[in-house]
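The opening position of the sequence shown corresponds to residue 7 in the numbering used here, with each subsequent residue numbered one higher.
Built from N, CA and C at the ideal position, the CB exists for glycine as well.
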Amino acid sequence: MEKPTIFIVEDEAIVANDIKETLKVLGYDVKGIAKSGELALEMVQELRPDLVLMDIHLATAMDGVETAGKIHILYDIPVIYLTAYADKALLDRAKVTEPYGYVIKPYDERELHSVIEMALYKHKI
Numbered sequence: 007m008e009k010p011t012i013f014i015v016e017d018e019a020i021v022a023n024d025i026k027e028t029l030k031v032l033g034y035d036v037k038g039i040a041k042s043g044e045l046a047l048e049m050v051q052e053l054r055p056d057l058v059l060m061d062i063h064l065a066t067a068m069d070g071v072e073t074a075g076k077i078h079i080l081y082d083i084p085v086i087y088l089t090a091y092a093d094k095a096l097l098d099r100a101k102v103t104e105p106y107g108y109v110i111k112p113y114d115e116r117e118l119h120s121v122i123e124m125a126l127y128k129h130k131i
């Protein structure tokens, strides 16, 4: 059976590489990493991963919420937010994009793994 493929959207390179290594240990294939929403949209269109892990605060014009909304509409690929932010206004914006999960950094590997597995399963049915 093929490993599920995951795409990471994270503007901090050190954090992105840490997430990538965690995902590899958990048995996933990391398809790529983008630092911006704009680049993420291009790469997701080309690579078509099984799932996207999305930071909300990106250092570009398009933030993670806007990017996730476009990925959901254009490609029907499940998105899980992986972010350090969880204030009410942000949660209200994020939930409109119908994410498959919301994990707060710093994350627990087991929690991240279970959220990813549930998202992949829910997207299949």
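Residues that residue i bridges to, as DSSP identifies them
| i | result |
| --- | --- |
| ALA92 | DSSP output for ALA92 lists no bridge partner at all. |
| MET60 | VAL15, TYR87 |
Residue i - DSSP class collapsed to helix/strand/coil
| i | result |
| --- | --- |
| LYS37 | strand |
| TYR108 | strand |
| TYR87 | strand |
| VAL31 | helix |
| THR133 | Residue 133 lies beyond the stretch modelled for the chain, which goes from 7 to 131, so this question has no answer here. |
Residues near residue i in its chain [Cβ-Cβ closer than 8 Å; skip 5 each side]
| i | result |
| --- | --- |
| THR214 | Absent from the model: residue 214. The displayed extent of the chain is 7 to 131, so no value can be given. |
| LEU57 | PRO10, THR11, ILE12, PHE13, ILE83, PRO84, VAL85, ILE86, TYR106, ILE122, ALA125, LEU126, HIS129 |
| GLU115 | THR28, VAL31, LEU32 |
Chain-order list of residues whose beta-carbon lies under 7 Å from that of residue i (same chain, five-residue window excluded)
| i | result |
| --- | --- |
| ASP61 | VAL15, GLU16, ASP17, GLY70, LEU88, THR89 |
| VAL36 | ILE12, ILE14, LYS26, LEU29, LYS30 |
| GLU104 | HIS78 |
Quiz item: Using 8 Å as the Cβ pair cut-off and three pairs as the minimum, do the region 64 to 80 and the region 23 to 38 touch?
Solution: Contact between the region 64 to 80 and the region 23 to 38 is absent, because fewer than three Cβ pairs lie under 8 Å.
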